[in-house]
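Below: one structure, written as structure tokens.
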Amino acid sequence: MNVSGFATRLVALTRKETRQMLRDRSNLIVGLLLPVVLILLFGYGLSFDVTNARVTVVLEDTSPTARNVVAGLHGSPYLAPSWVASMAEAERMVRAGQTDAILRVPGDFSRRLAAGDGQLQLLLNGVDASTASAIEGYVSGALAVPMQQQADRAGNKPSGIGAITIVQRMWFNEAGESTWYLVPGLIVLVITLIGAFLTSLLVAREWERGTLESLFVTPVRPLELVFSKLAPYVVIGVIDIIVCLLAAKYLFQVPMRGSLWVIILSSLLYLLVSLGLGLFISAATRNQFAASQMALLVSFMPALILSGFIFDLRNTPLVIQVISQFLPATHFMGLIKTLFMAGDYWPDILRSCSILALYAIVLIVLTRRSLAKRLD
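Going by this note's numbering, the sequence shown opens with residue 2, and the numbers climb by one from there.
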């Protein structure tokens with residue numbers, strides 16, 4: 002291969018692609034403004050934290066002791082307690098969707114608590130299992146404080162008051178903020194959408210306009226065409242990555258416990274995978290509408306649903322777990338979350354980056370072959 006000729010043609014093609022990208026303002030808007038909109042929308046609008054959960058209290062024991070115990074519910078920002086006179090009324094509210102949980106204080110609660118066997122009944126609306134589980138934890142934590150205070154006041158008396166002690170510790174997310182969990186995943190979604198969607202239109206648009214045919218009579222090689230089309234959008238992707246990292250650090254205060262350079266290099270590697278996937282789809286379909294639809298179906302939607310962004314893949318059926326391992330987004334999702342939350346774990350870094358590099362090489366080769374068939 003003539004290296005000087007390759008470099009000359011590549012520079013000329015890259016200039017042409019850059020000018021074409023700058024003339025297409027819609028692509029620039031999608032590439033530069035959409036990531037900002039996505040990270041603000043998902044970062045502020047999407048949360049797995051349960052706040053103002055509706056808890057209905059049925060106070061069958063009206064003693065001061067019982068009232069002091071359930072008073073702890075008012076001190077939690079995650080709970081919005083209300084009071085009803087009977088279980089029948091509380092059950093009606095659950096069926097009507099007006100409450101998320103029922104806390105029943107039995108009539109003999111004070112007497113049994115003094116004997117060291119106080120019991121409360123918590124009934125959860127299990128329609129949303131994750132919400133119900135969160136409410137259970139919040140209620141237990143809210144009740145533990147006043148009950149511990151009652152026990153401390155009782156001291157070592159023979160008729161000591163029973164208490165519930167909850168010791169909780171959360172690794173990697175000490176604040177318990179779902180934002181820390183979501184924002185690293187948003188970087189994956191932004192790179193996937195921007196990379197695959199923008200490049201999915203490139204070759205298809207030129208086929209529709211007929212401009213690609215003018216390259217048939219030139220000495221341009223398929224690999225040069227691939228690299229020249231990727232280069233301008235790599236710059237757009239790098240800008241998006243920087244914006245995402247700045248937002249994660251300074252807007253959402255997400256810790257970056259791993260090496261910044263490893264985060265950037267792995268993000269660039271996944272960006273190359275997304276760009277290569279979009280370009281391959283564009284070369285294979287030769288139609289802008291079909292290419293854009295396919296890019297969403299095979300890149301963004303799987304990255305959103307099957308990568309572990311929304312839920313833990315270990316809780317899914319085995320078939321889904323197997324399918325997810327064929328998605329590059331799954332490997333980058335696990336890697337970026339580990340880098341942000343846990344730090345540099347090199348076996349995981351090397352394994353995930355090797356898989357992403359393999360995907361990038363395969364996609365570039367497939368795109369080159371697809372274009373080579375049309376340029377012969």
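Note that CB positions come from ideal geometry on N, CA and C, so glycine has one too.
For ARG105, the enclosing beta strand (DSSP E) starts and ends at 102-106.
The secondary-structure analysis by DSSP pairs SER64 with nothing; it has no beta-bridge partner. Here DSSP, grouped into helix, strand and coil, assigns LEU202 to coil. The DSSP-derived three-state label of SER87 is coil. Residue burial annotation: TYR139 is buried, with at least 16 other C-beta atoms found within 10 angstroms of its C-beta. Cβ atoms of ILE192 and LEU33 stay farther apart than 8 angstroms, at about 14 angstroms.
Around the CB of ARG369, 16 or more other CB atoms lie within 10 Å, so the residue is classed as buried.
By the criterion of at least three beta-carbon pairs nearer than 8 angstroms, the segment 305-324 is not in contact with the segment 244-259.
GLY196 has its alpha-carbon roughly 12 angstroms from the corresponding atom of ILE240. If you look at LEU280, you'll find it in the alpha helix (DSSP H) that goes 261-286. Secondary structure of LEU252 (DSSP, three-state): helix. Residue nearest to GLY76 within the set GLY279, SER371, ALA54 is ALA54 (criterion: CA-CA distance).
Short of 8 angstroms from the beta carbon of THR63, and not among the five residues preceding or following it, lies no beta carbon of its own chain.
The Cβ neighbour count for ASP101, taken over all protein chains shown within 10 Å, is at least 16; the residue is labelled buried. Judged by beta-carbon spacing, LEU224 lies beyond the 8 angstroms limit of SER283, meaning their Cβ atoms are not closer than that value. In this structure, MET334 places its C-beta atom within 8 angstroms of the C-beta atom of SER308. By the Cβ neighbour-count rule, SER353 is buried, with 16 or more other Cβ atoms within 10 Å of its own. In this structure, the straight-line span from the alpha carbon of LYS230 to that of VAL4 is close to 19 angstroms. Of LEU314, THR331, LEU194, the smallest CA-CA separation from LEU298 is found for LEU194. DSSP places GLN122 within a strand segment (E or B) once states are collapsed to three.
Under the criterion of beta carbons closer than 8 angstroms, GLY279 and LEU199 qualify as touching, at roughly 7 angstroms. Ranked by Cα distance from PRO82, the options LEU74, ALA89, LEU144 are led by LEU74.
A distance below 6 angstroms between beta-carbons, with the five flanking residues on each side excluded, links PRO303 to the following residues of its chain, in chain order: LEU328. Rounded to the nearest angstrom, the Cβ distance from VAL37 to VAL244 is 6 angstroms, consistent with a contact under 8 angstroms. Considering only GLY142, THR15, GLN122, THR19, the residue with the shortest C-alpha distance to LEU80 is GLY142.
In chain order, TYR79 place their CB closer than 6 angstroms to the CB of THR52, counting only its own chain and leaving out the 5 sequence neighbours on each side. Per DSSP, the continuous alpha helix (DSSP H) segment holding ILE237 begins and ends at 223-247. Taking all protein chains in view, the Cβ of GLU90 is surrounded by fewer than 16 other Cβ atoms within 10 Å, so the residue is classified as exposed. For VAL56, the secondary structure class from DSSP, reduced to helix, strand or coil, is strand.
Taking the Cα of ALA291 as reference, the smallest distance to any Cα among LEU367, LYS17, ARG206, GLU18 is reached at ARG206. Partner residues in the beta bridge of ALA81, as assigned by DSSP, are ARG55. Assignment of PHE310 by DSSP, reduced to helix, strand and coil, places it in the coil class. Judged by beta-carbon spacing, GLN120 lies within the 8 angstroms limit of ARG113, meaning their Cβ atoms are closer than that value.
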